[in-house]
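Read the structure below first, then the notes.
Residue numbers (the working numbering), protein chains in the order written: chain P, 1 to 221; chain Y, 1001 to 1620.
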């Protein structure tokens, strides 16, 4: 690779990491906002989403510009493709975090009914996975990435458990239905965020080891 | 071999000089010795020829050839010299060592030619007759002034050459001995010269390796001694400077490490140079793994990333603030400035992070307090205003209604008064406590408690409750009796308010082992939910606002108790469970050596610094 080519991929990587920083922060904020039922914080998250979308587009354009160059050193195309995938995963995570924030603004959310412990666990695990996958991306650590992939199972189980919890609660207290449905939506968003975090971790493994592990353990969705 | 270079140079130079001297000596000696020998031989030959000449000339003149030959042979034998007689035509007439008949004409021989011309000459030549170098000397034989022939004497030079060769061997042998001796001497001299150099080199190497306490041995020779002194001086200075640098570095490290503010340094390429402990904790950075990496790889916060970028590109000091989000939000003030090297070129930036989350929280507490006060004051005023307006609008005409309304107005005014009284005493306690103006005197705890109990007696009797006091009369403590009495009254009043009719309230005081006084007020009332306990002592915190107002509470009673406890360097505790009554305790040191926790952080109200100790008593 020539110097300018290293520069280009380096710049691309740094841009992607910048995006990852703001996406992680948004995700964490959305979880805090729903836990504290904080409407102001939720509105702020929805506002930031536009900026994230712009950053995502900028990274994508850089990827395309790099791909359009005549020749590529060994491994560069692979890296650029991985960046493209991670870029779109990050944007999806931010979208889902925004969705969580929208639920916080929704009617019925502000009754003082306690959150089901499963939902709080799910939120903790999801944040852990997002942080872990982005750590593995920043440090290009395939070992950590594999550990993150392995956590996805638990999040899926917790999400499935939420349906039962919500069903039971609606049966016992129909007045809370609206809020419980909101809980269910948030649970689903969190589970999907965890899925995208897993995708990112898989792509980190793909960059590091050159193997595609996406469809090996993750075929149920 | 580099090690020995100087040594060999010195040594070889000496050896070459010695060898050249010897060679010159050798050549000169053999040359002059040979000349001297040859001169001697030539002289010898001439003398012999001169001695022989008389007799041989007589025989020659007699013309007796036979006799001449015999004479030649005799003389030759006696003088160990070849004797030859040659006539003026060059024909050999007689030769002592050879058959004259076969000998060729000798007129062309240089010595013969010269002799025939009348002079004496010698010549050295290879003799075909004798097969060796010989020296020839010829003298003319004269008769009546005319040269009639030549008498030639000759000796082979073998002997001469042998003795020259012998001499050469001796000179060479002596020379070799001298050379060896000289070499040995120069070897030792060179070594002696080299040893101090080795010492210097060794010392220099130890200096380079950091052993600056080492001192070089001082050589004897003037020049090397100067060098060693200079080097030793240099080492001493280096050591001093190094120690200074190390000390400064250690100090800087200690300062950075113990700083509450986070400090980060980046180079102009936005790579992390260093991070102190606070910053590492705030940003969840692993310092060892992160040095030399780009900021994006290390700090996952877009605000900090952008701030660093801005500082590097603005080239000035910059200010900013970011929010870090982990499981809660942290508010961070950032201060960035450019680092310049000695030449003034920018070499990086330093970012100082200041976590003002706590300050912000305090600010919120203050804001909340102002809002609460306004709200608390507004409620009775709204009520008073409403009833007064109703009275003005005509309710005065109805005496019954007017009296009822005025009663309400009076109660609301009392309430307003109570709130303001409480606020004033709260702020007075806080202020005096901060400024250490509260007078503390040793007094009997019993007196304080009993006057508090008396003050509450009316209320107790109204609800037909029993109030008991259990306190040793000799229990004494350093305190402000008036404040403490107010605190106990507040606690007893609370106990009365939140208890059913006919229940009991216990007031007791004991001295704990650590020389602390513990005043307890226990009731058999409704108790408090665990979730309320942590905030119970906050100003205007009410479990049930409506109930509190109905009972005439200001929402400040317990806050005052807490502040009085803190003014005494003590704390408050509450143990409670719903339906099981509550126990409030006020604990403070019986003796005072120093001020309590009044000023941990200057400018911050003591109430914000310490949360009351609360426990939920689920089993009691």
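Here a beta-carbon is modelled for each residue, glycine too, at the ideal position from N, C-alpha and C. All of these numbers come straight from a predicted model, not from anything done at the bench.
* Opposite residue 1349 of chain Y in the DSSP bridges: which residues? -> Y/1266, Y/1338
* To do: Mind listing the chain P neighbours of residue 1531 of chain Y? Cutoff is C-beta to C-beta under 7 Å, in chain order.
  => Near residue 1531 of chain Y there are no residues of chain P at all, since even the closest Cβ is about 11 Å away, more than 7 Å.
* **CB contact check: residue 80 of chain P to chain Y, cutoff 7 Å** => no
* To do: Could you name the residues of the region 1282–1302 of chain Y whose beta carbon sits closer than 8 Å to any beta carbon of chain B, in the order they occur along the chain?
  => In the structure shown, chain B does not exist; the protein chains are P and Y.
* To do: Please check if any C-beta of chain P sits within less than 7 Å of the C-beta of residue 1325 of chain Y.
  => yes
* **Backbone secondary structure at residue 1085 of chain Y - three-state DSSP** => strand
* Asked: Apart from the five residues on each side of it in sequence, which residues of its chain come closer than 6 Å, Cβ to Cβ, to residue 38 of chain P?
  -> none
* May I ask you to list the residues that DSSP assigns as paired with residue 1324 of chain Y? => For residue 1324 of chain Y, which the question treats as bridged, DSSP gives the partners Y/1330.
* Asked: Which residue comes first and which comes last in the alpha helix (DSSP H) that contains residue 1511 of chain Y?
  -> Looking at the DSSP string, residue 1511 of chain Y is not in any alpha helix (DSSP H); the run it does join, the beta strand (DSSP E), is 1504–1511.
* To do: Have a look at P/44, P/192, P/177 and flag the residue whose alpha-carbon is nearest the alpha-carbon of residue 105 of chain P.
  => If we check each option's Cα against that of residue 105 of chain P, P/44 comes out closest.
* **Three-state secondary structure assigned by DSSP to residue 1366 of chain Y** => helix
* Using a Cβ cut-off of 8 Å, which residues of the region 19–40 of chain P contact any Cβ in chain Y, in chain order? -> 20, 21, 22, 24, 25, 28, 29, 32
* Which residue or residues does DSSP assign as beta-bridge partners of residue 40 of chain P? -> DSSP lists no partner for residue 40 of chain P.
* Is there at least one Cβ from chain Y nearer than 7 Å to residue 201 of chain P's Cβ? -> no
* Below 8 Å on the Cβ atoms is my guess for residue 140 of chain P versus residue 132 of chain P; work out the distance and round it to an integer in Å. => Actually they are not in contact, since the Cβ atoms of residue 140 of chain P and residue 132 of chain P sit about 14 Å apart, beyond 8 Å.
* Asked: How many whole angstroms separate the CB atoms of residue 1484 of chain Y and residue 1448 of chain Y, which I take to be in contact at a CB cut-off of 8 Å?
  -> 5 Å
* Any idea what DSSP makes of residue 1220 of chain Y, helix, strand or coil? -> The answer is coil: DSSP assigns residue 1220 of chain Y none of H, G, I, E or B.
* To do: Count the C-beta pairs between the region 1055–1069 of chain Y and the region 1082–1093 of chain Y that are closer than 8 Å, then say yes if the count reaches three, no if not.
  => yes
* Using the C-alpha atoms, what's the distance from residue 1263 of chain Y back to residue 1347 of chain Y? -> 16 Å
* Could you please tell me which residues of the region 1330–1341 of chain Y, in chain order, have their CB closer than 7 Å to any CB of chain P? => none
* To do: Please state if the CB of residue 1111 of chain Y and the CB of residue 1123 of chain Y are separated by a distance shorter than 7 Å.
  => yes
* is_contact[residue 145 of chain P, chain Y] using C-beta, thresh 7 Å -> Closer than 7 Å: no.
* Asked: So residue 1332 of chain Y and residue 1354 of chain Y are in contact, right, with Cβ under 8 Å, and what is the actual spacing, rounded?
  -> 7 Å
* Asked: Going along chain P, which residues have a C-beta under 8 Å from residue 1328 of chain Y?
  -> The contacting residues are 32.
* Just the C-alpha distance for residue 1595 of chain Y and residue 1441 of chain Y, rounded to the nearest angstrom, thanks. => Its pLDDT being 46, under 50, residue 1595 of chain Y is placed unreliably in this model, and the value from its coordinates should be taken loosely. Computed Cα separation, rounded: 14 Å.
* Can you tell me the Cα-Cα spacing of residue 1 of chain P and residue 1343 of chain Y, whole angstroms? -> Residue placement at residue 1 of chain P cannot be trusted, given a pLDDT of 49 that sits under 50; what the coordinates show is reported in the next sentence. Cα-Cα distance, rounded: 34 Å.
* Asked: Excluding sequence positions up to five away, which residues of its chain have a Cβ less than 6 Å from the Cβ of residue 1325 of chain Y?
  -> none
* **Range covered by the beta strand (DSSP E) that runs through residue 1136 of chain Y** => 1132–1143
* Could you name each continuous beta strand (DSSP E) segment of 3 residues or more that falls completely within the region 1103–1130 of chain Y, going from the start of the chain to the end? => As far as the region 1103–1130 of chain Y is concerned, its whole beta strand (DSSP E) runs of at least 3 residues are 1121–1127.
* **residue 1206 of chain Y versus residue 1015 of chain Y: straight-line alpha-carbon distance, rounded** => For residue 1206 of chain Y and residue 1015 of chain Y, the distance between alpha carbons rounds to 34 Å.
* Asked: Do you know offhand how far residue 87 of chain P's Cα is from residue 1300 of chain Y's?
  -> 16 Å
* Can we say the region 1453–1466 of chain Y touches the region 1481–1499 of chain Y, given the rule of at least three CB pairs closer than 8 Å? -> yes
* **Best match in Y/1573, Y/1067, Y/1073, Y/1117 for proximity to residue 1089 of chain Y [C-alpha to C-alpha]** => Y/1117
* Asked: Which whole-angstrom value describes the C-beta separation of residue 1203 of chain Y and residue 1243 of chain Y, a residue pair presumed to lie in contact below a C-beta threshold of 8 Å?
  -> Contact flag wrong, Cβ pair sits at about 20 Å.
* Cutoff 7 Å; reference residue 1515 of chain Y; Cβ partners in own chain excluding five residues on either side -> Counting only Cβ-Cβ distances below 7 Å, and skipping sequence neighbours, we find 1589, 1590, 1591.
* Which residues bound the beta strand (DSSP E) around residue 1557 of chain Y? -> Counting along the chain, residue 1557 of chain Y falls outside any beta strand (DSSP E), though it belongs to the alpha helix (DSSP H) covering 1557–1567.
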